[in-house]
Ligand SMILES: [Ca+2]
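In the numbering used here, the protein residues as written are 461 to 854.
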């Protein structure tokens, strides 16, 4: 089975390189993404950009996985997941997909595969893959979803597991690879906040799991089968492309004197810089296009002073050293420059003056828009301006 997916992965890799020049919006963004490629220390960095780093605890160790590194738990280890991803992203949205690669060398006994700890006790988000009776449990409030048994041929084999709950529309399901093996309805609920979120069983549990995990992800939506197949194939794990754009993709209020920066792909020797004011032009640009700003060894690019309030688009293609000089086209990123000024509502300003000509010629006329024409030009009518006592405007 894994060999089959490895073959598909290679096919998708080629496909992604071909598609990358038109952006990689094909996949939803995880709200938490732990690739488990860190390899040392106890921090498992979050690659979602949301800063939800996880922490290895107990006997958890770094090992090789499906994609780069992975984490092995030997029965007395676990990963402390950041509970904020649940409380801040999942609870308000009430729909999620929780995914991970999982390799279980021995299916016997009872295992806590993942779980949340609720302030008032009880279970809402917990799984046993499997429990000691061989059943796979996916516990949500009042419902255990344990109609499926572990299959002997799955033991010792990597598989991608996806646990979903749409607590608004009331269904939950889980997949092993791209196959649904549980699908139930009537599970509408209010997701409770949690005090901890754990992969494996933490020190307060028995039933620790002996298993290897890789590429753990949280999404605040329901992944489709097509999404799952692409993720399994590593389609959104392409290495070699530029990442971590500065300014961030979609940033607003960016200063006019901006220096672009990015993290280089792991193979890159140089970088092709593309920059312009039209998404499609930047997306489709080649080294012959006006959007091409040059090939350079540095991972920063200083721009000329930009226009207030304008949206800009940029792309970094990573280029290998000769002789192969392979190019990894990047996504198109965008940002918008700060506006020239910020309107302040007249009702937030109090104006006073030493005097005024008539009751309808007070200082408030200077800021309330009186007499402005459609081009923003001022009127010369005295009744539409502030006039000091007994004097005419010159
Ligand atoms: Ca990994």
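Idealized CB from N, CA, C, for every residue including glycine. Since this is a predicted model, take the numbers as computed values, not measurements.
- Taking a 10 Å sphere around the C-beta of residue 755, we find fewer than 16 other C-beta atoms and assign the residue as exposed.
- Apart from the 5 residues on each side of it in sequence, residue 723 sits with its Cβ closer than 6 Å to the Cβ of 703, 704 in its chain, given in chain order.
- Considered as a whole, the region 582 to 670 harbours 586 to 588, 595 to 599, 619 to 626, 631 to 636, 639 to 644, 654 to 660 as its complete beta strand (DSSP E) runs of no fewer than 3 residues, in chain order.
- By the neighbour-count definition (other C-beta atoms within 10 Å, threshold 16), residue 586 is a buried residue.
- With a cut-off of 8 Å on Cβ pairs, the region 534 to 542 is in contact with the region 517 to 525, counting three or more such pairs.
- DSSP places residue 708 in the coil class of the three-state scheme, outside both helix and strand.
- Counting every other CB atom within 10 Å of its CB across the protein chains shown gives residue 743 a total of 16 or more, marking it as buried.
- For residue 602, the closest of 645, 684, 674, 676 by C-alpha to C-alpha distance is 645.
- For residue 553 and residue 826, the gap between their C-alpha atoms comes out near 47 Å.
- Within the DSSP bridge table, the entry for residue 556 names 625 as partners.
- Closest in alpha carbon position to residue 566, among 490, 642, 615, 651, is 615.
- DSSP places residue 580 outside both helix and strand once states are collapsed to three, so it counts as coil.
- Contact fails between the region 673 to 692 and the region 756 to 773, because fewer than three Cβ pairs, one in each stretch, are under 8 Å apart.
- The region 690 to 697 makes no contact with the region 735 to 751, as fewer than three CB pairs between them are under 8 Å.
- Put simply, the backbone Cα of residue 713 is about 44 Å away from that of residue 672.
- Across the set 731, 774, 761, the C-alpha of 774 shows the shortest separation from the C-alpha of residue 739.
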